[in-house]
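So for the sequence shown, this note's numbering puts the first residue at 13; every next one is plus one. Beta carbons are placed, not taken as given, at the ideal position from N, Cα and C, and that holds for glycine. Taking it in order: structure first as structure tokens, then the write-up.
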Amino acid sequence: MMMSVYSVVLFHIKFINFCNTVILKTKEGIRKKLEKSCCNNNNLTSFPINPDKYVTNLSSIVLSVHEKEALSLGLKFSVPITQISELTVNAQFENLYDQLSTLTPSSLENQSWFKAKLVDIAHHFHSFGPKQRSILTSQHFKSLKELRNNADIIILKPDKGSGVVIMNKSDYKNKMESILSDKSKFLADVDFDGLRKLEKKVNSNLVKLLNMNAINKDEFNLLKPMGSAYPNLYGLPKIHKPNTPSTSNSIYVSVTYTQPGKMAYKIIKPYQKSIL
Numbered sequence: 013m014m015m016s017v018y019s020v021v022l023f024h025i026k027f028i029n030f031c032n033t034v035i036l037k038t039k040e041g042i043r044k045k046l047e048k049s050c051c052n053n054n055n056l057t058s059f060p061i062n063p064d065k066y067v068t069n070l071s072s073i074v075l076s077v078h079e080k081e082a083l084s085l086g087l088k089f090s091v092p093i094t095q096i097s098e099l100t101v102n103a104q105f106e107n108l109y110d111q112l113s114t115l116t117p118s119s120l121e122n123q124s125w126f127k128a129k130l131v132d133i134a135h136h137f138h139s140f141g142p143k144q145r146s147i148l149t150s151q152h153f154k155s156l157k158e159l160r161n162n163a164d165i166i167i168l169k170p171d172k173g174s175g176v177v178i179m180n181k182s183d184y185k186n187k188m189e190s191i192l193s194d195k196s197k198f199l200a201d202v203d204f205d206g207l208r209k210l211e212k213k214v215n216s217n218l219v220k221l222l223n224m225n226a227i228n229k230d231e232f233n234l235l236k237p238m239g240s241a242y243p244n245l246y247g248l249p250k251i252h253k254p255n256t257p258s259t260s261n262s263i264y265v266s267v268t269y270t271q272p273g274k275m276a277y278k279i280i281k282p283y284q285k286s287i288l
């Protein structure tokens, strides 16, 4: 009997320690995320010394110095916001408060204090919000706008690594059509009634399964497809291999998963490596 009580107490202590460890790790993870989100990663004071190292121009156009400098910052570079709408900031704070509304407050007094504190932080942000200046000048923005409006080129990221690649749109199109013309890998267009009809057919079968009690309501809602979309096909240029032709592309498919697709993916994922 004593041994049994001892085992229960020991298990309880281990469980409490485990919970405390999980809580500490979660807190540390959230803290790091907050610190990272507050860091001004785009507060650059100078452009890369050699922009050509980050910009690969395979097109027929000649890039200006301003265009190279702007593109050398990468496609993930975000321009700092110089003016923030007060309405937008207030909406974000209200959204944060709504997200936390499902939690049970330790007391009504603490809940009121927290709400007042959020209001105070919002007002403080309006008065002393982060002031950021962009490294990009008006000439850089003008150059980027000209590139964006150039219908003869396409700006991509490379197949591997970071950087920016500029190609003639005609070269890109010809290369993609050449890849798709390989009948051993791709099939020609087939007759298809459309996604909406397919969704309707799937939903009809799901209703039958629900009425037969083969699936429950939660499974029905999880499997029910909504807003299905065709996958997007795109290619990324290979520039990391010296002997690879400059117009060689790696082909990718961008897919927006539907509910049935998400469920099927979860089932197949553990076996993905063995299947491939």
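Among the options, nearest to residue i - alpha-carbon criterion
i, options, result
"P60", "L207, I147, R43 and K181", "I147"
"L70", "P249, L83, L192 and G86", "P249"
"Y66", "K187, N244 and G173", "G173"
"F137", "Q144, V101 and S119", "V101"
"L9", "S118, T94, K129 and S119", "Past the edges of the chain, shown from 13 to 288, lies residue 9, and the structure says nothing about it."
"K274", "S84, S16, N180 and P237", "P237"
"K212", "A200, N223, S193 and G239", "G239"
"H92", "E106, R145, S216 and S119", "Here residue 92 is Pro; the residue named in the question, His, does not match the sequence. When each option's Cα is compared against that of P92, the closest is R145."
"L207", "A226, N233, V176 and P243", "P243"
"T94", "F140, P117, N225 and E231", "F140"
"Q111", "R160, S97 and K127", "K127"
"K185", "N217, Q123, I227 and L245", "L245"
"S182", "A163, K39 and I42", "A163"
"L58", "N215, S193 and L85", "Note on identity: in this sequence residue 58 is Ser, with Leu being the wrong assignment. When each option's Cα is compared against that of S58, the closest is L85."
Under the three-state DSSP convention, the category residue i falls into
i, result
"P237", "coil"
"N244", "strand"
"I28", "helix"
"S196", "coil"
"S19", "helix"
"S190", "helix"
"N215", "helix"
"P282", "helix"
"M275", "helix"
"S76", "coil"
"K153", "It should be pointed out that residue 153 corresponds to Phe in this sequence rather than to Lys. Three-state result, F153: helix."
"R145", "coil"
"I61", "coil"
"G41", "helix"
"L115", "coil"
"N223", "helix"
"L36", "helix"
"L56", "coil"
"E158", "helix"
"K48", "helix"
Extent of the continuous beta strand (DSSP E) to which residue i belongs
i, result
"V91", "Taken as a continuous stretch (DSSP letters only), V91 belongs to no beta strand (DSSP E), as it is neither H nor E."
Opposing strand residues paired with residue i [DSSP bridges]
i, result
"N228", "BP columns for N228 are empty, so no partner."
"I167", "I178"
"V67", "V176"
8 Å contact criterion, which residue i and residue j should meet: CB distance rounded
i, j, result
"S297", "S155", "Residue 297 lies beyond the stretch modelled for the chain, which goes from 13 to 288, so this question has no answer here."
"I191", "T68", "I191 to T68, Cβ: 20 Å. No contact."
"E47", "P63", "E47 to P63, Cβ: 31 Å. No contact."
"H135", "H78", "Not a contact, Cβ separation roughly 40 Å."
"S262", "D171", "4 Å"
"K169", "L87", "6 Å"
"S72", "N180", "6 Å"
"V176", "I167", "6 Å"
"K187", "G247", "7 Å"
Delimiting residues of the alpha helix (DSSP H) encompassing residue i
i, result
"S124", "L120 to F140"
"L108", "E98 to Q111"
7 Å Cβ cutoff, residue i in contact with chain D
i, result
"F140", "Among the chains in the structure shown there is no chain D, since it carries only a single protein chain."
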